[in-house]
Structures are given as C-alpha cells and as structure tokens.
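*Asks:* One structure follows; several queries about it will come next.
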Amino acid sequence: MNNKLNIKIGSKYHNIFLQNGFYSHTIQKMPIHKHSYAEIHIVTNGIINFKVGDTIHSTTNGNLFFVPANTYHCAITENPNARRIAFQIDCDEHRFLKKQVQCQTVMDFLNEIEKCKTTKDYTVVSAYISLFFSQLYPEGLQVHPVDDYPFLFREFFSRRYNEDLQLSDLAQELHLSERQTERLLIKYTGHTFRQELSTVRIDMARYLLSVSDMRLTEIALLVGYRSYSGFWKAMKKHKSF
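According to the working numbering, the sequence shown is numbered sequentially starting from 69.
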C-alpha cells in the first residue's frame, strides 16, 4: 500500500509518503539505503538502533527520529517485538533530530493508522503527522502576545458581561494601567468602560427577548444587573425596547 498526503504544516504544504513502513510496523531486515526524501521514524515498542554512516543512534518508545534526504542509514534491532512507524516527507532539513513524545500519543496515532486502513479517512492521521513534525521543529512555532485590542475588548466583555465588573478587572487582564485601558477603550470602541459594558449587556438582553419567553426581571439578572431599576435605566438610554 502506497499513499501520498499533502499536508499544510505551518505556512507550507508538504508531501507525506506513506509506504509499507507506515502500515506494517515490524522491523524488516533492510540493507543500508537512502531515500529521495527525508524520513521520520516513530518508535512504538522496544529499542531500535539507527545506523547513519558510522554512527549508531539508539531510540526507544516514543522517540521521533528524523533522517535527512539522501542520507545512508538502516534500522538495527535484535528484538523481535520492536516496532516503529516510518514515513517520508519533502523537507529540506539537513540535521539528524531526535525527540521524545508521550508514548500514549504514539499509541493513539498507531490506532488511527489501523482505522484508516479500513475507512480511508486520513484526517486524524494528518493531524498527528503535523503534531509530530512540530515537535521536531519547535523553532517553527512562534508565540506572540495578542495586541489586537478590539479583539481583546470583545472577548473580555462577551465572556464576563454578567459579572460585577470594574475597569480594574479589564486593566488587570490586559496588564495595563486603568488610565491606559480607558484611553484604549475610547479609541477603539468610542465608549468608556461603563458605556461598553452597558452596550454589551443590553445587546444580550435584546437577543434573549427575541429567542425566549423570559421575563424582563429574569433577563436583567442574567445579563449582570443586580437591580431591575438599573436595567430599566440602561434600557431607556439605549432605546432598545
């Protein structure tokens, strides 16, 4: 069985070649050889030694081992119970890489491979391959703090509009001073903290009225008003009802 997947990993699409070593997990005796593409081995059981040139690399359960393209190598083991998964990928990396992942994750991957033999659905298998590739290349993952303030404001109010909120709560979440927070709120929403909170609450109240038979007193409590009079004043300001 030979299959090829085209998977987007990060910002680039890669061809993944699934051949016999992917579907048949026993270690077959094979002379030293090389591939046109890089190869990733995932050890699922036992200890497997990879001979690369004159060097022996020892791997065990949960190890990922990356062999660059056009590199002579072979897998060596005297343990008949040793198992591995192998697939090729069109990757330009020239380093030998080894990485440990959780053994349960590898076993879950193995189970998904068995399933796709019957279902022919490689969706979950592709997700695991992307995961393992990112484990080998963590430098390809870039983490940045979110500085999209309109997004952060929407998220904050949509999650917490029913709480007894203060400007300090938002400032603390953004790691800013209250003065900076209020200034940014006005810049991006046109509202002060209290105005924005009231707008979100009344919008939610309007929605609840349109989809339910709840009484106004119930809705008032649900959207964060502790008294009906406060809710009524906000309604009149927004002219929503």
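Positions of the beta carbon are idealized from the N, C-alpha and C atoms, including for glycine. Being a predicted model, the structure only gives us computed values, none of them experimental.
Taking the C-alpha atoms as reference points, what is the distance between residue 179 and residue 299?
*Replies:* 55 Å
*Asks:* Compare the Cα-Cα distances from residue 72 to each of 127, 99 and 197 and report the closest residue.
*Replies:* Measuring from the Cα of residue 72, the nearest candidate turns out to be 197.
*Asks:* Taking only runs of the alpha helix (DSSP H) that begin and end inside the segment 78-126, which ones reach a length of at least 4 residues, in chain order?
*Replies:* 88-91
*Asks:* Please name the residue or residues paired with residue 167 in a DSSP beta bridge.
*Replies:* 132
*Asks:* Would DSSP call residue 156 helix, strand or coil?
*Replies:* strand
*Asks:* Alpha carbon to alpha carbon, what distance is there between residue 145 and residue 184?
*Replies:* When only Cα atoms are considered, residue 184 and residue 145 end up about 28 Å apart.
*Asks:* Span of the beta strand (DSSP E) holding residue 143?
*Replies:* From DSSP, the beta strand (DSSP E) with residue 143 extends over 141-144.
*Asks:* On the three-state DSSP scale, how would you describe residue 151?
*Replies:* strand
*Asks:* In the DSSP assignment, the alpha helix (DSSP H) including residue 272 goes from what residue to what residue?
*Replies:* 261-279
*Asks:* With a cut-off of 8 Å on the beta carbons, I'd call residue 272 and residue 229 a contact; round off their distance for me.
*Replies:* 6 Å
*Asks:* Can you name, in chain order, every residue of its own chain whose Cβ lies under 6 Å from the Cβ of residue 165, other than the five neighbours on each side?
*Replies:* Counting only Cβ-Cβ distances below 6 Å, and skipping sequence neighbours, we find 134 and 204.
*Asks:* Check for me: the alpha helix (DSSP H) holding residue 190 runs from which residue to which?
*Replies:* It is not in any alpha helix (DSSP H) - residue 190 carries neither H nor E in the DSSP assignment.
*Asks:* Below 8 Å on the Cβ atoms is my contact criterion, and I expect residue 155 with residue 108 to pass it. Report the Cβ-Cβ distance as a whole number of Å.
*Replies:* 6 Å
*Asks:* Which one of 91, 78 and 276 has the shortest CA to CA distance from residue 190?
*Replies:* 91
*Asks:* Can you tell me whether residue 74 is helix, strand or coil according to DSSP?
*Replies:* strand
*Asks:* In terms of residues, what are the limits of the alpha helix (DSSP H) holding residue 247?
*Replies:* In the DSSP assignment, residue 247 falls within the alpha helix (DSSP H) that extends over 246-257.
*Asks:* So for residue 239, helix, strand or coil by DSSP?
*Replies:* Assignment of residue 239 by DSSP, reduced to helix, strand and coil, places it in the helix class.
*Asks:* Give the range of the alpha helix (DSSP H) segment to which residue 354 is assigned.
*Replies:* Absent from the model: residue 354. The displayed extent of the chain is 69 to 309, so no value can be given.
*Asks:* On the CB-based measure, 16 or more other CB atoms within 10 Å of its CB, does residue 104 come out buried or exposed?
*Replies:* exposed
*Asks:* Can you list, in chain order, the residues of its chain whose CB lies under 7 Å from that of residue 85, leaving out five sequence neighbours each side?
*Replies:* 72, 105, 155 and 156
*Asks:* Along the chain, where does the alpha helix (DSSP H) containing residue 227 start, and where does it finish?
*Replies:* Looking at the DSSP string, the run of the alpha helix (DSSP H) that includes residue 227 is 217-228.
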